[in-house]
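Everything below concerns the one structure shown next.
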Amino acid sequence: MNKKQYNFRSLQRACIAIVLLLLVACTGNFEDYNSHPYNPRPKDLTPSATVGGLFEKMMYQMHHHQENDSQMIDQMVGDQYGGYLVTPTMWHGTNFSTYNQADNWNEIPFTTPFPNLYSNWLTIAEISEGRGYIYAWANIIRVAAMLRVTDTYGPMPYSKVGGGKLSVAYDSEEEVYKNMIADLTNSTNVLETFWASNSGAALPIAQYDIVYHGNFGQWVKFANSLKLRLAMRISNVAADYAKTVAEEAVASGVFTSNSDNATLPSTDNPYRKAAADWNDLRFGADIASYMTGYSDPRLTYYATPASGGGYRGVRMGVNTTDNSKADYDGFSRPNFTHTSPMLVMNAAEVAFLKAEGALKGWNMGGTAQALYEQGVTLSMTQYGIPAASITAYLNGSTPPAAYTGLTAETNHAAMSTITVKWDDAASTEQKLERIITQKWLANYTLGFEAWSEYRRTGYPKLFPTVTDLSGGAVNIDRGARRLRFPISEYTRNSTNVQAAVQMIGGQDLPSVDLWWAKKN
Amino acid sequence: MNQFKIKVNLLVLLCLLVLPILSSAQTTITGTVTDKSGSPLAGASVVVQGTNKVTMADIDGQFSLSGMEPGQVVAVSYVGYISKEITIGAETAYRIVLDEVTATLDEVVVTALGIKRAEKALSYNVQRLNNEALTTVKDASFMNALAGKVAGVNISSSSAGPGSSVKIVMRGLKSIQKNNNAMYVIDGIPMFNTSFGSGGDNHPYTDYVGSDAAADLNAEDIESITVLTGPSAAALYGSEAASGVVLITTKKGIAGKTVVTVSNSTTFASPFVMPEFQNTYGNNYGETASWGAPQNLYSYDPAKFFNTGSTVVNAVTLATGTEKSQSYLSFAGTNANGILPENEYNRYNFSYRNTTSFLNDKLVMDVSAGYVLQSDKNMVADGLYHNPLPAVYLFPRGENFDEIRTYERYDELLEANTQYWPYGAGGLELQNPYWTQYKMTHETNKKRYMLSASLQYNVTEWLNVIGRAKVDNASYVITDKRHAGTLATLAGANGFFSKNNRLETQTYADLIANINKDFGDFNVHANIGASIKDLRMDSEKQVGNLNKINLFSTENLIRPSGYKDDADGYIEQVQSIFANVEVGWRNMLYLTVTGRNDWDSALAFSKSTSFFYPSVGLSGVISEMVKLPESISFLKLRASYSSVGTSFGRYMTQFFYTYNEQTNSYDAPKVYPSYDLKPELTNSWELGLNLRLFKGMVNLDATWYHSNTLNQTFKASLSAGSGYESVYVQSGDVRNQGIELALGFNNTWGAFGWASNVTWTWNDNRVMRLANNILSPIDGTPIEMPETMEKARLGDSGGPLILLSEGGTMGDLYIDRALKRDVNGNVWLNPINGLPQMEAIEPKKLGTTLAHSTMGWQNTFSWNGIDLSVLVSARFGGYVVSGTQAILDRYGVSANSVKVREEGISSNGVAIDPKGWFSVVAQGTGMGAHYVYDATNIRIQEISLGYTVPKKWLGDVANVTVSLVGRNLLMLYSKAPFDPELSASTTETYYAGVDYFMLPSLRNIGFNVKLQF
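Pasting the structure below:
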């Protein structure tokens, strides 16, 4: 009996020892178990795929396509402050349209694109070791996406992002612009060289390029056009530098035809979704006033007819009751289909930028009038408007229309008397208004660009909000001049955001004019 | 992996098959030592007089002696019992019943791994509940029946109605980031509780909720429940046990007789606490809100929308067996209809269990099989989109509700019926509430089977080896159908369909050697084992709008616009070795030491490959050691310390791309890539005493505990400039300390019996350290962290929020809006519109949402077969928030809005327009502190009145018990406009006690009939 017990004991020990060995040996599968069954790791992908897939997300930061980001950023802020679109929904009664947006909404145009862009950009920077055409390409997209952020808030982290830093110092606005322009120049240099020897090659990365499908020659044109946009923005505050940059960009080759246009594809256009499915979006009273006054043939492409016929926009700030979005059911909505592409930059804008440059006496390869008319024509042909209609439009001498709203208190006279037809005898200021107004009409729905140019030039003249709940923080005749820095930066990056506040004069207010903005 | 499992199983079999041959069978006598009630007396000492043969009864009270001759005398003794001597005759099996010296002493309880232990040896708190506690007042989910009956446990029912999941938190919230719910163990085998109960956190977009795996159990199958509130008992169970364990022992067959029970339980449900509404003022034409003139056209009562809910449980059980083999078979059908139309929960349970012993009882095999068919429909906890209540509550009072009862009308253009709802979305996505219930249907169908087998080999009197394996597989089909005519926010013009197929598999296996041996005055009881746990899930979901109208098929989804496809899955495996050694001295002093080492697959790619955690406990029966006054029958003191390790979550240790269903692309992670993580740790200790006075007439169990949960892994939000949203950091220390008290009294006076039990729980939760001053894992520089960490906004912007700060609790409630006041402190009125204004303020602490203490008091009276039981439960302290009340006020449908209309409201003598007043303070879901309420409440939780029909009345054919039962019968005290114990979300830690159109809690009244043949 005893002997047998001992036998058993040794057997038991053997059993446990074997089990232990198996246990230890068996953890070899743990690395497979702890890897997601469907989400790939870099080693599961080809070299092009490891970075290629990241470009799509970055590119959509140039014009948000994700439905909530589009609503919270492009629709509520850019398109609304830029006079294109209006949100009729009250939500919680704290809205951009009434200048009392809640802190956690106010920060979204900052806190969304930053990680969306940089988590991908930093991964690309690490894999590419900061060299080569992939990195150059990523940098162009970075500039296009981040320009919208700096133009909304002012100073922002830019040159010091990365390198493992979790709290990043802000660049002043001047630094941001100069660094962005330098980045664009570097990128065009790299891509021109790359494209010279690879043009026409079947690049594996091409499938991830949802804008130009691997045509890096087009990306060079886009970068130059973007550089022109940046140069024009700072033309009032860094005149000589802006002139040099703008002339250099134009000389290197910018957009000249609609086939150059940069657009992002869509299968579920967020403007359509917000307008049609959610009932949260309407055509703006401002753009309706100008386009109906001009009998603009693009109107049918921009907006849906109002329920009683014709086109009726909605004024900003009417969304103060739970019923407001239902009240404005019959008004025009932006006219998009599921697959309408998202505009990033078009040739018409470039023509108008050149027209304004010519007005300033820069060498833009044409006169202001010729370039202005070229801009209108490019925009019209972008929508397939026949030549005869374009000619008629260019000779238009009707002013914008007055606004008639749902209630008498929302009615308003037209903000401007500017017409379409070029008048060489007009004052420089009138010529500028004409160019900017037409650029604005051509850039629908590049809201952030519209709002920035409005703040830079004062054009197009926009209706004030119907309801101002800012408590005096915003002068409604000038509109919001920027957004306050994100509340989260004050707790997560306090030293640096305080330094940024000093860069804009010591007060973090929506009434503070940005560096390049028109000051009165 | 499968290969490995097969290997282990073969090994187990091999060991078990070979061993009998080695230790060949001998002629022995066997005996069973029990008390009068038949409960085994584990550890009873057995001495053959005149020899040195000594043995001890095992945990089932059984012993065997070999080489015995007739005429020998065997003395059986046990502490607290009168010793007995038996003379061996021709028989080989003996049944020895010992009489108690005192009325009560210790009992055998089921502890970790299904091991039965004498309660007096345990160094930690255990609380037991028998089947009656669960089946007297039945609920579709058995855990709801535990509320108020166990100390140290906080049970929140879901507002989603019958069968919905239950939130069980023991000894306070411990983890900042992870789930704090308790763990379930069935017959010694852990059950991973998949819950679909997460509502609430994302209102108003809150999706449907579902049931949980624990709710699948048939209460009739449960023999008893042991609740281990602390982690010390659970060190043997691994990580999940840090939050406490509910140990469930299921029924077995019975030797020597056949018992059939047939039972029916039928309960009816109605809303328990409802908001107070008004019907005096109507709406203005065309407006949703009821701020118009007085009306007397319609008398509308929102409560009439609700049906009388019903839960019918029919169960049949059969227990039978011989000395060698016992079988148990049961069937139960649970059919519940919620108070909302088209809200159903159905479940059918089949279970079978067989226990057979072979080879002279050396080998015991236990096999069981269970099959569950469960379905539920339209389970909604709160929110706007899928919830009919906003439309029911806010229905414009000047309109005719009867008109919308016909919720659909034929639309000739659509060629289909479409929704009839002329009142608009009203800013809250309102739809016809009948449409929401009938034409937007969410259904879950689950098929689940559980198979388990265990084989125990009794090697010697003091050693046995047991191997167990269990598989628990469930498949789900979850569909969401929305007909054409649904609000465009929620469905395309031709309808919407979503289908999710999900498969879950859990496999558990262990091999344990159990040793129980005496060495002089010492007794050593040890369990040494190894286990493997393997959890897998695979899910495929397709979502989109429909092409052909109302044709609900994934083939009919419009692609690519609006189409989403999501594949998900995981494998997580934990392999462990563990040991539990208890040394007892003279049945009065016990020292227990445990240790466990876990290899968790979630650690792969990190620097740790495994983690170890120990525990130590001491228990002393003072009443055995020293002479105490006569009145003290039993006194035990105990102390224990334990440490429980937990792995961080899976997939946190390496870079991978995540699929984004909205953009149909793979994104880089937005969490900073930093993968050097360590397992977390909860250290806790507890002190307790168990006291029985006057021969057990009075019982007191008291425990004081203290725990610290350290190294918690959480996402620290980063400044946007870092390029990432957050980084994982490990820091933090959450302390919980508290007292659990259970005081009982029971006595009989002739035919009359009275038992009274009070449970009282006090928990003090404190965040000792957050992530302040943590260093960046990348470059070692300090990461700037706010002093407070926002965990939840209990409503819309401007509503109260939960902020964590060092020194605060995990439920600290703050406000960041307040009425603007003038220099004199009066409410400032805007000269333009005469209305007050809310202004943003620095976050100001109001209090906590956590309860200070909870109490349950149960009184049971019995007289001649009649039993009356009354349970009163109470919660003291804490706050709750009602967004519902704010919205009802703002829409002018609450009784409160009438009060303000009629009594007026003013600031410094200047009247304020009532509608305008509510548009300010009730904006969103209520601003600042305006809709925060004290959660203290006292209620009559349960009453049952039962009668056992004397058997002779029925010709000795059957035992029949009938009872009338009720739950949530009367709220004795509550200041909140809803039931503060109700929870929309059962998995969220922070979003608790918030009413955002939650379904009301239910009052249940019904009857039970039980026949036992």
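Chains as they are written, first to last, in this note's numbering: chain R, 79 to 598; chain B, 4 to 1016.
A virtual CB, placed ideally from N, CA and C, is assigned to each residue, including glycine.
The structure presented is a predicted model; accordingly, all values stated were derived computationally and were not measured.
Do you know whose CA, among the options, lies nearest residue i's CA?
{"i": "R/D555", "options": "R/E567, R/F563 and R/R533", "result": "R/R533"}
{"i": "R/N336", "options": "R/G462, R/D546, R/G130 and R/G549", "result": "R/G462"}
{"i": "R/R226", "options": "R/A404, R/Y255, R/A216 and R/W215", "result": "R/Y255"}
{"i": "R/Y196", "options": "R/A216, R/S385, R/S206 and R/I212", "result": "R/A216"}
{"i": "R/Y248", "options": "R/K597, R/N574 and R/W169", "result": "R/N574"}
{"i": "B/A512", "options": "B/R471, B/R539 and B/A487", "result": "B/R471"}
{"i": "B/V79", "options": "B/T90, B/S69 and B/D405", "result": "B/T90"}
{"i": "B/S720", "options": "B/G753, B/Q657, B/E790 and B/T656", "result": "B/E790"}
For chain R, find out if any of its Cβ atoms is closer than 9 Å to the Cβ of residue i; answer yes or no.
{"i": "B/L973", "result": "no"}
{"i": "B/Q657", "result": "yes"}
{"i": "B/S167", "result": "no"}
{"i": "B/W831", "result": "no"}
{"i": "B/M788", "result": "yes"}
{"i": "B/A121", "result": "no"}
{"i": "B/A28", "result": "Because the pLDDT of B/A28 is 41, which lies under 50, any placement of that residue in the model is unreliable, and the number read from its coordinates should be weighed accordingly. No, its Cβ sits nowhere closer than 9 Å to a Cβ of chain R."}
{"i": "B/L807", "result": "no"}
{"i": "B/V730", "result": "yes"}
{"i": "B/T815", "result": "With the sequence shown as reference, residue 815 of chain B is identified as Asp, and Thr is not the correct amino acid for it. No - not a single Cβ of chain R is within 9 Å of the one on B/D815."}
{"i": "B/G203", "result": "Unreliable placement is indicated for B/G203, whose pLDDT of 49 sits below 50; the coordinate value is still reported in the next sentence. No, its Cβ sits nowhere closer than 9 Å to a Cβ of chain R."}
{"i": "B/A795", "result": "no"}
Looking only at its chain, what residues have a beta carbon closer than 6 Å to the beta carbon of residue i, apart from the 5 residues adjacent to it on each side?
{"i": "B/A106", "result": "In this prediction, B/A106 has a pLDDT of 39, which is less than 50 and means its spatial position is unreliable; what the coordinates show is noted afterwards. Taken in chain order, the residues that qualify are K698 and G699."}
{"i": "B/F555", "result": "K484 and F500"}
{"i": "B/T439", "result": "P391"}
{"i": "B/V315", "result": "T269 and N338"}
{"i": "R/T73", "result": "Here chain R has residues from 79 to 598 only, and residue 73 of chain R is not among them."}
Once you ignore the five residues that flank residue i on each side, which residues in its own chain have a CB closer than 7 Å to its CB?
{"i": "R/I514", "result": "E531, T535, Y537 and P538"}
Taking 9 Å as the threshold (C-beta atoms), are residue j and residue i in contact?
{"i": "B/G798", "j": "B/L125", "result": "no"}
{"i": "R/W356", "j": "B/T492", "result": "yes"}
{"i": "B/R653", "j": "B/A582", "result": "no"}
{"i": "B/G868", "j": "B/T751", "result": "no"}
{"i": "B/R878", "j": "B/T812", "result": "no"}
{"i": "B/D304", "j": "B/N286", "result": "no"}
{"i": "B/L1002", "j": "B/G341", "result": "yes"}
{"i": "B/G691", "j": "B/R641", "result": "yes"}
{"i": "R/V129", "j": "R/I283", "result": "yes"}
{"i": "B/D603", "j": "B/Y616", "result": "no"}
{"i": "B/S622", "j": "B/K639", "result": "yes"}
Using a Cβ-Cβ cut-off of 9 Å, state whether residue i counts as contacting chain B.
{"i": "R/D586", "result": "no"}
{"i": "R/H170", "result": "yes"}
{"i": "R/E451", "result": "no"}
{"i": "R/N357", "result": "yes"}
{"i": "R/D229", "result": "no"}
{"i": "R/A404", "result": "yes"}
{"i": "R/G601", "result": "Since the first residue of chain R shown is 79 and the last is 598, residue 601 of chain R is not available in this structure."}
Mind pulling the beta strand (DSSP E) runs of 3 or more residues that sit fully within the region 325-358 of chain R? 340-342
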